[in-house]
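With numbering that gives the first Met the number 0, the residue at position 243 of the sequence shown is 242, and numbering never jumps.
Where is the CB? At the ideal position from N, CA and C, for every residue including glycine.
Predicted model, so just to flag it, every value in this text is computed and none were measured.
Okay, so here's the structure we're looking at.
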Amino acid sequence: MSTHIPCSGNTSQEDLAVHAASENLSTGLNRISEIRLSEGISLRTAAERMGIDDVGSVRQQQRATSDLLLSALYRWAALLDVDVPELIIDDAAPPKERISAHRLMLARWMKMVLSIHSSTPDKQIQTYSHRCIQNLLELRPDLMDIVRESDGPRLEQVESIGILQKIVFDPEKLHQINAVRRREGFTLRTVAKHMLGHGLSLSDLRAQEDPSTDLRITDIRRWGEALGRIPLSEFFPGSEESLSRESRERAIAVRLIKSLHSIRATVQGSAQNRISRLTAAIIAGLSELMPDVEQVAPWNAVGHKRTSDELGMAAERTLNLRELSLCLMKNKGQAE
0 MSTHIPCSGN TSQEDLAVHA ASENLSTGLN RISEIRLSEG ISLRTAAERM GIDDVGSVRQ
60 QQRATSDLLL SALYRWAALL DVDVPELIID DAAPPKERIS AHRLMLARWM KMVLSIHSST
120 PDKQIQTYSH RCIQNLLELR PDLMDIVRES DGPRLEQVES IGILQKIVFD PEKLHQINAV
180 RRREGFTLRT VAKHMLGHGL SLSDLRAQED PSTDLRITDI RRWGEALGRI PLSEFFPGSE
240 ESLSRESRER AIAVRLIKSL HSIRATVQGS AQNRISRLTA AIIAGLSELM PDVEQVAPWN
300 AVGHKRTSDE LGMAAERTLN LRELSLCLMK NKGQAE
């Protein structure tokens, strides 16, 4: 599996490292190294946050070929703010990359938007850029540090909502293999026939499908194959929320790109070229991540702002009372 790195501006060393890591996943089991690099988290920082003294152990765990236990995957998921299935390479259903997974790119976009916000006194542009800041914080609440360090909007004006939910590690509910097997209509005996070459007895399979059994990635993969190439994400609690999260991210992306288009349509004066370049770079990056939002239009409010001396569209829509009277009489005659 190869992950394409969308480009907006110059490609950073971090992006190249992420790309190099992703190129080595074709025969791997997990994507931990790739995601860790995209988050900008060092091995030492990862070890400290997970309470592990041996950095070498952490380095071994995050290798693409490491066949980790589910309990270890849950710890990594909590550290990286992702769902457990996103850490597993699943040939049956390659994971859809969420926009929020691109932290380094979103951080650059946040800096661009903050630069736009501070480079013009135009209240309308500041309103739209403020919306962009809110949208980016919804995707990545941890970008608040960048806002704090800037000369952007006051912090009390910015709402950090966040759509990523904290990963809860429950040792009694590591997986839901039993529920998926029953839903798909497979008996344990049928599963055993599919796994005949792995030397697993009925009692072994019964023990494995217990939600508290700490399985390895290869075990989960075997169950996925035996049950008809089930996407591995379905074996984990909360998998039904993933679509909702994707929908929310897309809705945020749509609002973000509408505000960016609105800024481009509104900006005038000496800052026009610079602001247009910044917004174009973000729009291009967003469109590459989510091509379906490329044709999104600006907010309806964009356009010439009426002065106090100008009349609105209602004043231009004159009504001829004679024509209206004739029309009503005609309709009345037809009804009779």
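If you run the structure through DSSP and keep just helix, strand and coil, what is residue i?
i: Asn-29; result: strand
i: Ile-176; result: helix
i: Arg-228; result: coil
i: Leu-201; result: helix
i: Lys-329; result: helix
i: Leu-86; result: helix
i: Arg-215; result: strand
i: Ser-324; result: helix
i: Glu-208; result: coil
i: Gly-196; result: helix
i: Phe-168; result: coil
i: Ala-191; result: helix
i: Gly-336; result: In the structure as shown, the chain starts at 0 and stops at 335, and residue 336 therefore has no counterpart that could be examined.
i: Ser-65; result: coil
i: Glu-22; result: Residue confidence for Glu-22 is low, a pLDDT of 42 falling below 50, so the modelled location carries little weight; the figure read from the coordinates is stated next. The answer is helix: DSSP assigns Glu-22 an H, G or I state.
Which residues bound the alpha helix (DSSP H) around residue i?
i: Val-54; result: 54 to 60
i: Asp-144; result: 143 to 147
i: Glu-137; result: 122 to 138
i: His-116; result: 102 to 118
i: Ser-296; result: Reading the sequence as shown, one finds Ala at residue 296 and not Ser. Ala-296 -> no alpha helix (DSSP H), and no H or E assigned at all.
i: Ser-70; result: 69 to 79
i: Thr-186; result: Neither: Thr-186 is in no alpha helix (DSSP H) and is coded neither H nor E.
i: Arg-43; result: 42 to 49
Could you tell me whether the Cβ atoms of residue i and residue j are closer together than 8 Å?
i: Arg-338; j: Leu-187; result: Lying before the first or after the last residue shown, residue 338 is absent from the chain, which here runs from 0 to 335.
i: Ala-225; j: Ser-118; result: no
i: Leu-325; j: Ile-115; result: no
i: Ile-87; j: Asn-177; result: no
i: Arg-62; j: Val-54; result: no
i: Leu-78; j: Ala-106; result: no
i: Met-339; j: Ala-252; result: Beyond the ends of the chain as shown, which are 0 and 335, falls residue 339; an answer cannot be given.
i: Arg-139; j: Arg-102; result: yes
i: Ser-70; j: Asp-213; result: yes
Would you please verify whether the beta carbon of residue i is less than 8 Å from any beta carbon of chain B?
i: Arg-181; result: Checking the listed chains, one finds no chain B in this structure; it contains a single protein chain.
Within the region 240 to 289, ranges of the alpha helix (DSSP H) (whole runs, at least 4 residues): DSSP runs (the alpha helix (DSSP H)) wholly in the region 240 to 289: 241 to 265, 271 to 288.
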